[in-house]
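*Asks:* Take a look at the following structure, please.
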Amino acid sequence: MTIPRLTAACRLPAALLMGLALLTSCAVSPQRASAPGNTYVKAAWTALPAVSDADLQAGFAAWRSSCPRLKTDTTWASTCTAAATVDTTPAAIRQFLQERLDVYALRAAGNRADGLITGYYEPIYPGSLTRTAQATVPVYGVPGDMVSVQLDSLYPELKGKRLRGRVEGRVLKPYDDAATIAAQGVKAPVLAWLTHPMDLQFLQIQGSGRIVLADGRHLRIAYADQNGHPYRPIGRWLVEQGELKKDDVTMDAIRAWAIAHPARVPELLASNPSYVFFTKGPDGDEGPRGSLNVPLTAGYSVAVDRNVVPLGSLLWLSTTRPDGSAVVRPVAAQDTGGAIAGEVRADLFWGTGDAAGKLAGDMKQKGFIWMLWPKGAALPKAP
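Each number in my numbering corresponds to the 1-based position in the sequence shown with 118 added.
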């Protein structure tokens, strides 16, 4: 999921904060309860659960693919430079990691060690480059009338944060929400047309995907921007309406409900005011690019809350698949997502297509996360 959002880390003067609440989710996200000193708990290497040699090699390779983006990063640059010459044998990787990195267990409020691990994937949906009788749902590029404001130009503590809106007269007003865009359209290029509104919703949730055309070609699209409204899970709305039980919410269950209740699909989609705009992605078989702008590696790239885990970090993940089988491996923090918020929270990228989608859609697992951090480097400022 690659829907960036403003979070409760925002610290602004009260008057400005009230104004921004109209434009973003900055002021409405709940404050985290954990104290800064309790988020990162130093641990020994022996505290990490064992991983297979194959997982160690694959996880290390996924993380090392981030290094071209980290060559000027003050925390990771020297570690990445040294990693470039490390032999890919398990013994050499283990020696390198233990010599260069310290281990920190991530903890949530109340010193809670476990958290939620979900999954995401790159979907493939049928569509067309032109509107047809079957393909009537537009996939929009970035609107020409949407203004994006980088907040850290005035407030350095808001690095990476921005708000979005539309200028009317001399006033910046909130951009249209999803329901308005669906009903009235938007001043933006149409990249392609899909055959079902639920395909577009899941495409927006995943943040990237492929559209298979009638001649068999694939059009890859990737996240470009978002309308500035907070992301709200449509599955939560179904639970609140009494349509699904909380434990039964999966992508398959949501789609099945939508197929059974076509007249209520607009109401369902309107419950999530967030709307994602796309751009055409590069051709090829590599994974989609996450927020770090490197191709994601199936099974070894994760989306994280960048307020807790800086992008480019190496993590040690211990969780399970929906069938209960263990997933213990190093993973690379290479993406973010609107629903990925919290200290012990990750979204594991599972790959492309229906099999990956089934795994991702069913994954709501308990998990544990350790952050591997360069020795001597200052820890991130905990939220």
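The beta carbon of each residue, even a glycine, is placed where N, CA and C say it ideally should be.
For a minimum of 4 consecutive residues, which ranges assigned as the alpha helix (DSSP H) are wholly contained in the segment 410–488?
*Replies:* Those alpha helix (DSSP H) runs which fall completely within the segment 410–488 and span 4+ residues are 472–480.
*Asks:* Where does residue 284 fall in DSSP's three states?
*Replies:* Counting from 1 along the sequence shown, the entry for residue 284 is found at position 166. In the structure shown, residue 284 sits in a strand (DSSP, three-state: E or B).
*Asks:* Given residue 235, which residues of its chain have a CB within under 6 Å of its CB, disregarding the five upstream and five downstream residues?
*Replies:* On the sequence shown, position 117 is the one that residue 235 refers to. So the list reads 437, 464, 483 and 485, once near-sequence residues are dropped.
*Asks:* Contact defined as beta carbons within less than 8 Å: I believe residue 352 pairs with residue 389. What is the distance between those atoms, to the nearest angstrom?
*Replies:* Counting from one through the sequence shown, the residue named residue 352 turns up at place 234. Counting from one through the sequence shown, the residue named residue 389 turns up at place 271. Contact holds; Cβ gap of about 6 Å.
*Asks:* Just how far apart, CA to CA, sit residue 493 and residue 462?
*Replies:* Residue mapping note: residue 493 aligns to position 375 of the sequence shown, counting from 1. Residue mapping note: residue 462 aligns to position 344 of the sequence shown, counting from 1. Spanning the two alpha carbons is a distance of roughly 22 Å.
*Asks:* Look at residue 211 and residue 205 and say whether their C-beta atoms are less than 9 Å apart.
*Replies:* The residue given as residue 211 occupies position 93 in the sequence shown. The residue given as residue 205 occupies position 87 in the sequence shown. Their beta carbons are under 9 Å apart, which means residue 211 touches residue 205 by this criterion.
*Asks:* Counting pairs of Cβ atoms below 8 Å between the segment 257–269 and the segment 390–401, do you hit three or more?
*Replies:* Because the criterion of three Cβ pairs below 8 Å is met, the segment 257–269 and the segment 390–401 touch.
*Asks:* Tell me the residue span of the beta strand (DSSP E) that contains residue 177.
*Replies:* As a first step, residue 177 is located in the sequence shown; it is residue number 59 there, counting from the start. Element bounds for residue 177: not the beta strand (DSSP E) but the alpha helix (DSSP H), 171–182.
*Asks:* Rounded to whole angstroms, how far is the Cβ of residue 349 from the Cβ of residue 456, which I believe are closer than 8 Å?
*Replies:* For the purposes of this step, residue 349 is identified with residue 231 of the sequence shown, where counting begins at 1. For the purposes of this step, residue 456 is identified with residue 338 of the sequence shown, where counting begins at 1. About 3 Å; that satisfies the 8 Å criterion.
*Asks:* Exposed or buried, what is residue 151 when buried is set at 16 or more other beta-carbons lying within 10 Å of its beta-carbon?
*Replies:* To locate residue 151, count along the sequence shown from 1; it is residue 33. Model confidence at residue 151 stands at a pLDDT of 38, short of 50, so the residue's coordinates are unreliable; what they give is reported in the following sentence. By the neighbour-count rule (16 or more Cβ atoms within 10 Å), residue 151 is not buried but exposed.
*Asks:* Answer yes if the segment 182–191 comes into contact with the segment 230–246, meaning at least three C-beta pairs across the two stretches below 8 Å, and no otherwise.
*Replies:* These segments do not touch.
*Asks:* How many angstroms separate the CA atom of residue 248 from the CA atom of residue 341?
*Replies:* Position 130 of the sequence shown, counting from 1, holds the residue named residue 248. Position 223 of the sequence shown, counting from 1, holds the residue named residue 341. So the alpha carbons of these two residues sit roughly 21 Å apart.
*Asks:* Where do the N-terminal and C-terminal ends of the beta strand (DSSP E) with residue 223 fall, by residue?
*Replies:* In the sequence shown, the residue the question calls residue 223 occupies position 105. From DSSP, the beta strand (DSSP E) with residue 223 extends over 219–224.
*Asks:* Kindly indicate which three-state DSSP category residue 298 falls into: helix, strand or coil?
*Replies:* Walking along the sequence shown from the start, residue 298 turns up at place 180. DSSP places residue 298 in helix when its eight states are reduced to three.
*Asks:* Take every Cβ of the segment 411–424, pair it with every Cβ of the segment 191–201, and state whether three or more of those distances are shorter than 8 Å.
*Replies:* Touching, no, given that fewer than three Cβ pairs across the two stretches are closer than 8 Å.
*Asks:* So, with DSSP's three-state summary, where would you put residue 373?
*Replies:* Stepping through the sequence shown from its first residue, residue 373 is reached at position 255. Helix, per DSSP.
*Asks:* Quick one, are the C-beta atoms of residue 253 and residue 297 less than 9 Å apart?
*Replies:* For the purposes of this step, residue 253 is taken as the residue at position 135 of the sequence shown. For the purposes of this step, residue 297 is taken as the residue at position 179 of the sequence shown. Not closer than 9 Å, so no.
*Asks:* Can you look up residue 291 in the DSSP assignment and give me helix, strand or coil?
*Replies:* Position 173 of the sequence shown, counting from 1, holds the residue named residue 291. DSSP places residue 291 in strand when its eight states are reduced to three.
*Asks:* Less than 9 Å between the C-beta atoms of residue 466 and residue 445, yes or no?
*Replies:* Taking the first residue of the sequence shown as position 1, residue 466 is located at position 348. Taking the first residue of the sequence shown as position 1, residue 445 is located at position 327. Going by C-beta atoms, residue 466 is nearer than 9 Å to residue 445.
*Asks:* Is the separation between the beta-carbon of residue 284 and that of residue 293 shorter than 9 Å?
*Replies:* By one-based count along the sequence shown, residue 284 stands at place 166. By one-based count along the sequence shown, residue 293 stands at place 175. Yes, Cβ-Cβ distance for residue 284 and residue 293 is below 9 Å.
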